[in-house]
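All remarks here apply to the structure that follows.
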Amino acid sequence: MDWKTLISQYRYPIVGGLIGLLVALFLITFGIIKTFIILLCVAGGIYLASYLKQTGFIDRLFK
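Take the sequence shown: its letter number 25 is residue 35 in my numbering, and every next letter is one higher.
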C-alpha cells in the first residue's frame with residue numbers, strides 16, 4: 011500500500027489526530043481558559059465565514 015492511498019483512506023482520522031495534537035499543545039502551552047477562548051474565536055470565525063459564503067457576500071467581495 012502506498013502513501014497516497016493510505017492517506018486518502020484514513021484522511022479523517024489523520025486530520026482528527028492532528029487537531030487533537032494541536033489542542034493538546036495549546037492546553038499545555040496556554041492553559042484551559044486561554045485555549046477555550048482561542049477555540050471559541052476559531053469557531054466564531056468558521057461560523058462567520060460560512061454565513062458570509064452562504065449569503066454570497068464573499069463571492070461579491072472577491073469578484
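The beta carbon of each residue, even a glycine, is placed where N, CA and C say it ideally should be.
- L32 and R21 have their C-alpha atoms spaced approximately 17 Å apart.
- In this structure, L35 keeps its C-beta atom at 7 Å or more from the C-beta atom of T45.
- The DSSP assignment places no complete alpha helix (DSSP H) segment of no fewer than 4 residues inside the region 27-61.
- Taking 8 Å as the upper bound for CB-CB distance, L62 and I68 are in contact here, some 5 Å apart.
- Here the C-alpha atom of I43 lies approximately 42 Å from the C-alpha atom of D12.
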